[in-house]
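Let me begin by presenting the structure, written as structure tokens, before commenting on it.
Numbering (the numbering used here), first residue to last: 4 to 60.
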């Protein structure tokens, strides 16, 4: 059976950038992930608060 090797796309893109560019992209991705998780937690908190408020009426 033939074994096909798929190139690691992240490694290909990383090889075409300098270390500083790669660090900047990585940091931006981390902050975007952190913002996404924080917004999910915020919406969840608001939804729980609104749900409790509506039950009291």
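Think of the CB as a built atom: it goes at the ideal place given N, C-alpha and C, for glycine as much as any other residue.
From a predicted model like this one, the values you see are computed outputs, not experimental measurements.
Determine the direct distance from the alpha carbon of residue 23 to that of residue 32, and round the result to whole angstroms. 14 angstroms
Following a CB-centred definition, is residue 48 positioned closer than 7 angstroms to any heavy atom of the ligand ZN? The ligand ZN is not part of this structure, which contains no ligands at all.
Can you name, in chain order, every residue of its own chain whose Cβ lies under 8 angstroms from the Cβ of residue 28, other than the five neighbours on each side? 20
Just to confirm, is the Cβ distance from residue 17 to residue 25 under 8 angstroms? yes
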